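Chains as they are written, first to last, in our numbering: chain C, 1 to 261; chain S, 1 to 744; chain B, 1 to 412.
The C-beta atom is built at its ideal place from N, Cα and C for all residues, glycine as well.
It should be emphasised that the depicted structure is a prediction, and the values quoted were computed from it without experimental measurement.
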Amino acid sequence: MKQEHGDNGTQKYGMVIDLDLCTGCGSCMVACMAENNVPFREDETDKLKSITWMRVYKLTNGKPYPETDICYLPRPCQHCEGQHGHSPCVSVCPATATDYDTQTGIVSQIYTRCFGCRYCMGACPYHARYFNWYDPIWPEGMEKYLNPAVSPRMRGVVEKCSFCIHRYQAAKDKAHLDGQKEIEEDAYQTACTQACPAGAITFGDLNNPGHAVHELKKQPGAFRLLERLGTNPKVYYVSSREWVRRAGDNYLKTEGPKKAV
Amino acid sequence: MKIDRRSFLSLGIGVAAGTALSPLPWKLTDDLSIWTQNWPWTPVPEIGETTYVNSVCTLCPGRCGISVRKVEDRGVKIEGMKGHPVNQGGICALGLSGLQLLYGPTRIKSPLKRVGKRGAGQWAKISWEQAIAEISEKLDGFRTGGNSHTVAGIAGSGQGTVSRLFSRFLTAYGTPNCFHMPSSADTYQLALQQMNGVSAAPVFDLENADFILSFGCGLLDGWGSPVRTIKANTGWKKANARVIQIEPRLSRTAAKADRWISIIPGTEAALALGVAHVLIKEMRYNKDFVDNYAHGFESYVTDRGEMKKGFRQTVLDGYSPETVARITGIDPSAIILLAREFAKAKAPLALCGKGQGRTPGSLSEAMAVHALNALVGSVNRKGGVCTLPIADIQGWPELTLDAEAAAGMNQPRLDGAAPKSPNCINQLASAILSGKGYPVNALFVLESNPRYTLADSKTVTEAFDKIPFVVSLSSFMDETACNADLVLPNHIYLERLEDVPTPVGFPRSVIGLSKPVFKPLFNTKHAGDTLILLAKELGGGVAESFPWDNFEACFGKAMGDKLKTLQNKGFWLDSEAAAPQWKDSFKTPSGKFEFTAASAAFSPVKIEGDAAAFPLLLIPYETMRLSCGYIADPPFLTKTVEDTILKHNDGFIEINPKTAQAGQLSEGDAVVLQTPVGQARVRAHLEEGILPGVVALPGGLGHTAYDGYIAGKGINVNQMIGPVQDPDSGLDAAWGIRAKLSKA
Amino acid sequence: MDSALIPNGVRRCSLDKFLVALIVVGAVLLWGVYAMLLCWFKGLNQTNMNDNYGFALWIWADLAVIALGGGAFFTGFLKYIIGKDELKNIINYAVLIGFICYSSALLILAIDIGQPLRGWFIFWHANVHSMLTEVAFCLSCYFMVLTIEYVPLILENRQVDKVPFFHHLSHNMHATMAVFAATGAFLSFFHQGSLGGVAGVLFGRPFAYREGLFIWPWTFFLFTWSAAAYGPCFTLLITRITEAVAGKKLVKDNVVELLAKISGWMMTSYIIAKIIDTVYWANVTAPSKGFTLMDFYSNNGFYGIWILVLEIVLGGVVPAAILITDKGRKSPVARTTAFVLAVIGVSVNRWVMVLQVMAVPVMTFDKWALYYPSWQEVATTLLPVAYGIILIMISYRYLPIFPQEAELNPVE
Ligand SMILES: Nc1nc2c(c(=O)[nH]1)N[C@H]1C(S)=C(S)[C@@H](COP(=O)(O)OP(=O)(O)OC[C@H]3O[C@@H](n4cnc5c(=O)[nH]c(N)nc54)[C@H](O)[C@@H]3O)O[C@H]1N2
Ligand SMILES: Nc1nc2c(c(=O)[nH]1)N[C@H]1C(S)=C(S)[C@@H](COP(=O)(O)OP(=O)(O)OC[C@H]3O[C@@H](n4cnc5c(=O)[nH]c(N)nc54)[C@H](O)[C@@H]3O)O[C@H]1N2
Ligand code: SF4
Ligand code: SF4
Ligand code: SF4
Ligand code: SF4
Ligand code: SF4
Ligand SMILES: [Mo]
């Protein structure tokens, strides 16, 4: 695997999602919506206009009954590093409204600067970016539950999973106040990771040998989505099923994914 | 001065240039973009101090510990409570959406009295005093007229202080017609009564089992306490335990299982007996348990001196793999393999209760599965099926049954069941419509939505429409509340004090404390207080049975010395008592585990419809993304529903491409689904993961009440499936219904 | 009634006829304006774009219109830099068409973005790595150049010209036009290229992605080249249409043939490059990401290999072949057919590089996404067309656009 995450003193937050454990329950999706003030509408069945920073895809092996198999694949933003931080989306944004933070490896989004050209959406092969086609409206009274740590977005801008960056900021502030240099692994955890009843998502600093993700990403059967494009994502998946690993990338007939030993 | 063309133009150009060079346009441009960044119609949440309050989620029978994040007095997020014995910090998608129910548009904001036609949605706000007065006047009238038994009550949960207050109220008032919604746990409980000889709740030591043979249990689709079961599954994966899922549809559970074995629906008990056959034939059963602690395995002589064929011979004679293969559609070799694996495991566990276990199901099936557990000794031991005694409330005074009440309680029950047996609410509607027996003059509904959740909605609706006085204690404008005459809104779970007893199937006694995390948002009242007020107003034995000033006082008495622990920790967990030894476990007449005759007999449930007119089988299925019980999907949850289940307002029926081809249907086609009890328009969704000939509909759609975020979307599966009374338990045992599809 | 405004020595239709035509086209314009206002006030939910189609009909219209408007810079380049003096007889019209195309492009962009009032952030918070930044800067600058090139034309109106200031201004501007033409050509090379770069840099989209030279993917050069090659065809096609509508010859055949010949040879070289690019992409670039050529052209209800054939053969090889042969160029029918095919060819290229890029699934579990524009999108796309026709009508009526008109159509 080229472009491994090197150990150079900075953090590289990332995830390892165990697809053998994920049940497709949708907790991560809702945890994210609730944490990040994601708006909703009466009809959310047009999935091409439905904002889900975390989206759980249903994959099938394409075989007929009874050989059919299903796997669920949760897809947050992959926080692609590309080469030297040139994520597919960050490098194309004309207004620098989305940014690759080399300190944390988080791809952030500045809603108030984004002017809605949607070039970044075209650039992202994971469909991780969502446009606010509509004004976000909460039914009367429901705006009470909005989380003040995350600003609601206005119509006409793009949004996406932020790795719950407000939690990072809070953890950093707290570490600073407590006189700690480093943010503890459990001091910064994303909402989806926390909620997952199956414990399928592990989040942490891929660079830090003390964090679980550091070893988990090296498991046999670990892969990243569309690795061959050079997007260099920081979300790893693990599956013991060969067809699932094959579904993670495009392969010619003669090729195939790495073997899980 | 004369303005000629030239000077006019120069002036114009000068003004334009001047303006352009002045700060004005730049300031304006900047201000405009700042305005777009602060559009007044995009809300800005207020900041403030953040606190966390622990409580319990009761949106489903899971009863998970939750931690509510508040900013000042606003709730901003519900999370799983770390260290809670049930859910260990995990939380499901419905639980996460709780604040949308708290602040949502379907809350009932004050007591309401119907002013228009029933169901027309015309209400007058009334005071609590007036509401209580009107109800007690009616109730008093029935009671003095000797008609107290014509009042019925339905409460979703049969447990917890409020539920018990409810049944206490109805008893003291004088009606035997107190119903709660039974589930598969009730059926398993009946199996335990006959086979273990104890009256206790069945509990499953999932965490310590290493081979799970699931007869259609939606282990990852909300079976048992949903988060706990999903966590157990993670434990199984990590410990290399194996999960075998038996069901006709590739559910999430089947997909994640180590093996999915598709089966003709309704034949699960036959498979259990087929597995038992192999275990016995190959001598792979637990000889210690069967020889020393069980009765009825070998042939035996009854008290009357009759010779009875034992479990062993019955199963050997009737359920060879070949026979079972014909019944179930499963290969004989697969049955043999399954049996061998089951026997080889250290802690094998067979489970039943289809989907989320909402339908009680067939008693003989539960017994066959329980017998299978007994054959391998997985009863009352680590990783097996255990029993948990159901504690009675100690701190309350004896109930006073005055003369009127005693007379009422002597009347037969509407469902025709014996006074102590589980209530057969599935018989309620047909009993009302049949006109035999006595009429129902009033119905009280607490924490349930029978108009939506009871099978055969059409009949239920007709029956309920005949009841002249319906009172709902719901917090939400659900289908039942919409069609009530009076609504006395309860606080919702986040606003009220309550004890939440052990979740279904959980192996240790636990009580969660539901706390008023928020001051009530509206003019609602705790259902416990409503009942106490009503009792006082009614006077007599009813008032005497309710000696407390308010619910809090009554609750304190009910919790007794557990109250302190509850308040300190948020939950009370019983010390881990070792399961009784086999020799002390069974309270049957023989003192041993009883292999009953019923446990060795496959008696298929006769589902409705004849095969010629209805060539297909319709089965309901449940998913974590659709709440199909007394709570309707909040907007967040509906947002997670795939577009192959719901598209705009169209619901989809799952169908195998082969079946579709036979009916010349393709993906997305509009079809008419017909069953003996209902008809509806749906669209076809082709899925390879379902047995040909079987079609499936999800529960939780097709609401007509609540709000625009859920109402009118898809169809209610309960309107398509009628109840089938189990001959052994009287409970609803329908696992589906015959159906046909035609192109719309 | 308006005869005082009409250039000397030419004949125009009656004012009534002119006004009726204006009203008809104006109605389309108003429809477009209405749709535009809907998009601005209600937001882009008025369109059928979605999260898979961040770029859709408008961006295609934008790219197409800029490619077609390429006639302005390339003709200017030929006339002022290379010194093909005959082209002075068509340069005015090329500039006008360019002006229309580019102003339309800017208008479309202003409707297309989700936050039009913040559109200027593209300049203020410019990201130098983004092709779109390059597009925005060059496009705006070139539009100013085009305005400067168009203004002297307006000043040549009989009445305006009477004002001594404007007369001199016009004269001086003409004298310096070569400088602007050079600037314009330079800017155009870049923004046409960066528009190509917009798709070519998308390394997450194997259908669009191309390797290249330094920071520029091959599409960068192919776009510039194709705009230079196909743009003049559009100028010539519009000229032909204008002649048909006016019912008279406006530009002499030798001028048309010269421009057509240059265009033909440009197209020939372009299409060879494009074929090489396609072959390399299909055999090397895409397979390295796990895709075969046919992955991009199968398993969906619209995009088949036919679109590649349409673009390259019918819209490239054929018109190029017609225009580089003497016989083809000299036959008005063959020539006009070539113009039409060329316009189709370059439009299909831009379509494919915008819409098919969005349609092709990249994740293996993605589906092809097809999209149909809403009426609001169609109306706002027709808006610039109507606006262009109106501007042409007015300019043609009141400005001496075609220097050879009087000579070719003497007024008795
Ligand atoms: N506070 C609160 N609690 C709730 C709800 C709520 O809205 N608020 N919702 C309720 C709903 S809808 C559901 S689905 C439930 C689950 O409500 P239930 O289905 O009623 O209860 P379970 O948790 O499934 O446990 C059922 C088992 O408990 C035992 N049991 C219960 N009551 C009695 C009894 O009176 N006598 C005997 N002998 N055994 C009994 C039986 O063995 C039965 O199998 O959760 C309920 N819990
Ligand atoms: N077909 C079918 N049968 C079922 C089930 C099912 O989902 N489908 N579920 C089974 C199970 S496990 C159970 S426990 C029962 C469920 O019990 P049911 O009687 O089927 O009723 P539910 O749909 O659970 O609805 C309970 C009602 O309580 C209302 N409610 C919610 N919160 C509150 C509150 O705080 N206070 C008050 N007063 N009302 C409230 C809801 O709006 C709803 O109307 O039915 C059982 N049987
Ligand atoms: S919450 Fe966990 S188990 Fe559920 S869908 Fe998300 S990752 Fe999968
Ligand atoms: S997943 Fe998409 S949005 Fe996220 S960093 Fe990668 S390209 Fe950007
Ligand atoms: S939509 Fe916003 S974030 Fe995306 S490229 Fe355009 S300005 Fe940047
Ligand atoms: S990391 Fe945070 S923002 Fe991203 S999907 Fe998870 S909850 Fe949502
Ligand atoms: S599983 Fe049930 S109790 Fe637990 S959080 Fe979900 S809805 Fe609440
Ligand atoms: Mo229940």
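Contact check, residue i vs residue j, beta carbons under 7 Å
i, j, result
"phenylalanine 593 (chain S)", "tyrosine 293 (chain S)", "yes"
"valine 278 (chain S)", "isoleucine 330 (chain S)", "no"
"isoleucine 97 (chain B)", "threonine 75 (chain B)", "no"
"proline 698 (chain S)", "leucine 626 (chain S)", "yes"
"tyrosine 236 (chain C)", "alanine 222 (chain C)", "yes"
"serine 130 (chain B)", "proline 94 (chain C)", "yes"
"valine 672 (chain S)", "serine 742 (chain S)", "yes"
"threonine 104 (chain C)", "asparagine 127 (chain B)", "no"
Heavy atom of ligand 4 within 6 Å of residue i beta-carbon
i, result
"proline 7 (chain B)", "no"
"valine 203 (chain S)", "no"
"arginine 153 (chain C)", "no"
Exposed unless 16 or more other CB atoms sit within 10 angstroms - verdict on residue i
i, result
"phenylalanine 595 (chain S)", "buried"
"phenylalanine 220 (chain B)", "buried"
"alanine 16 (chain S)", "exposed"
"methionine 49 (chain B)", "buried"
"histidine 127 (chain C)", "buried"
"lysine 117 (chain S)", "exposed"
"glutamate 654 (chain S)", "buried"
"arginine 11 (chain B)", "exposed"
"serine 269 (chain B)", "exposed"
Any non-hydrogen atom of ligand 5 closer than 6 Å to residue i Cβ
i, result
"alanine 334 (chain S)", "no"
"threonine 239 (chain B)", "no"
"alanine 97 (chain C)", "yes"
"tyrosine 119 (chain C)", "yes"
Contact test: residue i Cβ vs ligand 3 heavy atom, cutoff 6 Å
i, result
"isoleucine 511 (chain S)", "no"
"threonine 234 (chain S)", "no"
"alanine 35 (chain B)", "no"
"valine 641 (chain S)", "no"
Beta-carbon separation (whole angstroms), residue i vs residue j, contact threshold 8 Å
i, j, result
"aspartate 20 (chain C)", "serine 240 (chain C)", "5 Å"
"tyrosine 396 (chain B)", "leucine 5 (chain B)", "Not really, about 12 Å apart at Cβ, beyond 8 Å."
"arginine 508 (chain S)", "glutamate 404 (chain S)", "About 42 Å; that fails the 8 Å criterion."
"valine 343 (chain B)", "phenylalanine 166 (chain B)", "Rounded, the Cβ-Cβ distance is 36 Å, inconsistent with contact."
heavy atom of ligand 6 below 6 Å from residue i C-beta
i, result
"tryptophan 53 (chain C)", "yes"
"cysteine 196 (chain C)", "no"
"proline 76 (chain C)", "yes"
Contact test: residue i Cβ vs ligand 7 heavy atom, cutoff 6 Å
i, result
"proline 43 (chain S)", "no"
Open item on the list: My parser needs the beta strand (DSSP E) runs of 3 or more residues fully inside the stretch 89-172 of chain B; what are they?
Closed with: none
- [ ] Kindly provide the ranges of any alpha helix (DSSP H) runs that are 4 or more residues long and lie completely inside the stretch 42-74 of chain B, ordered along the chain.
- [x] Runs found: 57-68.
- [ ] Note down, one range per segment and in chain order, each alpha helix (DSSP H) of at least 4 residues found wholly within the stretch 523-599 of chain S.
- [x] Runs of alpha helix (DSSP H) with 4 or more residues, each lying fully within the stretch 523-599 of chain S, are found at 527-538, 540-545, 551-559, 562-569 and 582-585, listed in chain order.
Open item on the list: My parser needs the alpha helix (DSSP H) runs of 4 or more residues fully inside the stretch 193-243 of chain B; what are they?
Closed with: none
Task: Any alpha helix (DSSP H) of 4 or more consecutive residues that is wholly inside the stretch 622-658 of chain S - done: 635-639
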